[in-house]
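Numbering (this note's numbering), first residue to last: 60 to 375.
Glycine included, C-beta positions come from ideal geometry on N, C-alpha and C.
Before any comments, here is the structure.
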Ligand code: RIB
């Protein structure tokens, strides 16, 4: 039986400054604290999956700089297979400049660096792990042709393909959407992708556009799930009440925990998607309670606690 998850995506070092409120255009505000933490949507989702106990492999690129060293040490310490993370000479690792306001709202600016060099050849090089994977999970912080190669490789080897279309592209070609079993945008990304403000209509457009299932994450309102087999029936996934301090990587926690749940369950079967989305929503909620991307990602026990209504242990 296939097991495990392959994440094809970005790795960034996040430079995070906390502020009382986000600056307006042209305005300077005083920061409170600065911290550098590992992040990047690909790395976050790989760590989120690994912390749910799933064998996880990462395909991506780091630079030949100290940030690249930090990022590869994170992969190793999380026991993520990093054989297919390529170190690119003379290129910087990806970085993100993040401001986080009181209450958790943020702004994120990413310089792709080495992430811009992840190629279809990197995906081809990882064929051996993709052949063993139950889920191939990817995002849009690497070149689109590489995303397409990852989805295609997943389809060819019988893996479930999951796309987190973040950051959103105005429109994704139908040939890419048709390679996606589960697409997981947030509300804004769903609107950018489809032009629909209403999440249910956006989910309908994504399913009509070729994806098998759309799960639109709605932040503190939970999520909405729509399957192509029953496009008239959107399922609401309820939220978990938490006190948010930083929403960075909440979507990544959702995607990693969802992918882990789908890889563990027998797919397709009744209730598997809703169960996965519920675990994703719980993981996303927990991630908002801690500052920073990778440091905020919950493990399986945390998610089980929140699902059972028990208090979640404070993250280290
Ligand atoms: O999704 C959160 C991530 O987006 C951050 O960790 C940052 O690196 C950007 O890629």
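- Between residue 367 and residue 108, the alpha-carbon positions lie close to 20 Å from each other.
- Contact between the segment 92 to 106 and the segment 305 to 317 is present: three or more C-beta pairs spanning the two stretches fall below 8 Å.
- Just so you know, the alpha carbons of residue 241 and residue 339 end up roughly 13 Å apart.
- In the structure shown, the three-state DSSP call for residue 243 is coil.
- Of 166, 80 and 111, the smallest CA-CA separation from residue 343 is found for 111.
- The alpha helix (DSSP H) runs of length 4 or more contained entirely in the segment 93 to 175 are, from start to end of the chain, 100 to 109 and 125 to 136.
- With fewer than 16 other CB atoms across the displayed protein chains lying within 10 angstroms of its CB, residue 329 is exposed.
- Relative to the Cα of residue 260, the nearest Cα in the group 324, 284, 280 and 278 belongs to 284.
- Taking 7 Å as the cut-off, the C-beta of residue 262 does not count as close to any heavy atom of the ligand RIB.
- Taken through DSSP and simplified to helix, strand or coil, residue 72 comes out as strand.
- Residue 255 sits in coil when the DSSP states are folded into three classes, being neither helix nor strand.
- Here residue 286 carries a strand assignment [DSSP, helix/strand/coil].
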